[in-house]
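Chemist: Input: one structure, supplied below.
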Amino acid sequence: MTYEEITAAFQHGRPDADLLLHETVEAILNDHWCDRIKLDKIRCAYAAAKAGQAARDAEFYKNMEV
1 MTYEEITAAF QHGRPDADLL LHETVEAILN DHWCDRIKLD KIRCAYAAAK
51 AGQAARDAEF YKNMEV
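For what it's worth, the UniProt record's numbering labels the leading residue of the sequence shown as 1, then goes sequentially.
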């Protein structure tokens, strides 16, 4: 799973976006990396989700103004 896929899932409002994020975080936690790297990867995953949601919200408000 790439962060771009998470962003796209949240941006397009896919019903499985939360599950995708959860599975990504779970995979990171089960990986062999040290805790600091795991934390950085998890932060990136949540930032990607937040960016996708922000883009969706911006598009929604843009469409309401027109």
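Yeah, the Cβ is synthetic: ideal placement off N, Cα and C, and Gly gets one too.
In three-state terms, what does DSSP make of residue 13?
Modeler: By 1-based counting over the sequence shown, the position of residue 13 is 13. Three-state result, residue 13: coil.
Chemist: Where residue 87 and residue 61 are concerned, what is the direct C-alpha to C-alpha distance, given to the nearest angstrom?
Modeler: This structure leaves residue 87 out entirely; the chain is present only between 1 and 66.
Chemist: If we call anything under 8 angstroms between Cβ atoms a contact, is residue 6 one with residue 21?
Modeler: The residue you call residue 6 lines up with position 6 of the sequence shown. The residue you call residue 21 lines up with position 21 of the sequence shown. Their beta carbons are under 8 angstroms apart, which means residue 6 touches residue 21 by this criterion.
Chemist: What is the DSSP secondary structure of residue 30, counted as helix, strand or coil?
Modeler: Here the question's residue 30 lines up with position 30 in the sequence shown. Note: residue 30 maps to coil in three-state DSSP.
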